[in-house]
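Quick note: to get the numbering used here, add 101 to the position in the sequence shown (first position is 1).
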Amino acid sequence: MDTIGLLIISAIPTVIGVTQALRFKEKADEEAKKGPKWFNLVCVTADEGDPLYGAKIVLVEKKLLIDTRENTDAFPFKGLFHDYIGTEIPGLVSHIGTDPPALNWIYVEDGEVKYGTGSESKGEGRIVTPWSYKGGLHLQDKALFYAGNEVEDGRWELRYGENHKGKKVLIAMATIENGES
């Protein structure tokens, strides 16, 4: 009788753990049914008075740029994390326009942050994965983004790498609620 009582008492933590795991899985499944989590990207600097602070990340001519202009004609980054082609490694994609609506992969080549189709994102010297978000956008577990040269009035290069010449910036995400862009 003591053995049976001991077995019953020792089984209680297992039952509780299984129940909690099932509840967690149900909650995760519910979240997954809601669909992907779309977000915009913005630039953040140490100085809130800096013109780059809060600037939008936009897509222009196959590059991601920091746009400080209030009324921009550029297409804003609107993306999400998605497993990169044929892998389970998180890549980063963005809409590139509305007519037609299409997604492109975000990658880095020679320090420039670019976007392109699956075939354009592949190639020697291109860093495509893994992307993550840990208090700021990371590529290969590093947040090495900076504002490079001003390419036109109010637009700056978004660059990535350790040997940078420019202002270090944090790339923050703003989650898009359903219906927003």
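The C-beta atom is built at its ideal place from N, Cα and C for all residues, glycine as well.
When burial is assigned at 16 or more other CB atoms within 10 Å of the CB, is residue i buried or exposed?
i, result
"G86", "No answer is possible for residue 86: it lies beyond the span of the chain, which begins at 102 and ends at 282."
"G249", "buried"
"D184", "exposed"
"E205", "Residue identity check: residue 205 is Asn in the sequence provided, not Glu. Classification of N205: buried, given that the 10 Å Cβ count is 16 or more."
"G224", "exposed"
"A226", "Looking at the sequence provided, one finds Gly at residue 226 rather than Ala. G226 is exposed by the Cβ-count criterion."
"T188", "exposed"
"K157", "buried"
"G280", "Unreliable placement is indicated for G280, whose pLDDT of 49 sits below 50; the coordinate value is still reported in the next sentence. By the 10 Å Cβ count, G280 comes out exposed."
"D148", "exposed"
"I190", "exposed"
Whole angstroms is fine: what's the gap from residue i's alpha carbon to residue j's?
i, j, result
"P177", "G255", "15 angstroms"
"I277", "N141", "7 angstroms"
"G198", "D151", "29 angstroms"
"Q241", "D200", "32 angstroms"
"G237", "V143", "10 angstroms"
"P202", "V194", "13 angstroms"
"A273", "G180", "13 angstroms"
"E221", "T230", "14 angstroms"
"W139", "Y234", "13 angstroms"
Which residues share a DSSP beta bridge with residue i?
i, result
"H196", "L204"
"R260", "E213 and Y247"
"P191", "D184"
Helix, strand or coil: which one does DSSP assign to residue i?
i, result
"A275", "strand"
"G219", "helix"
"R227", "strand"
"H239", "strand"
"K179", "coil"
"E171", "coil"
"D151", "coil"
"I186", "coil"
"W232", "strand"
"V270", "coil"
"E253", "strand"
"K163", "coil"
"K138", "coil"
Quick check: the stretch 247-263 against the stretch 193-212, are there 3 or more CB pairs under 8 angstroms? yes
For the stretch 153-170 against the stretch 215-226, are there 3 or more C-beta pairs whose distance is under 8 angstroms? yes
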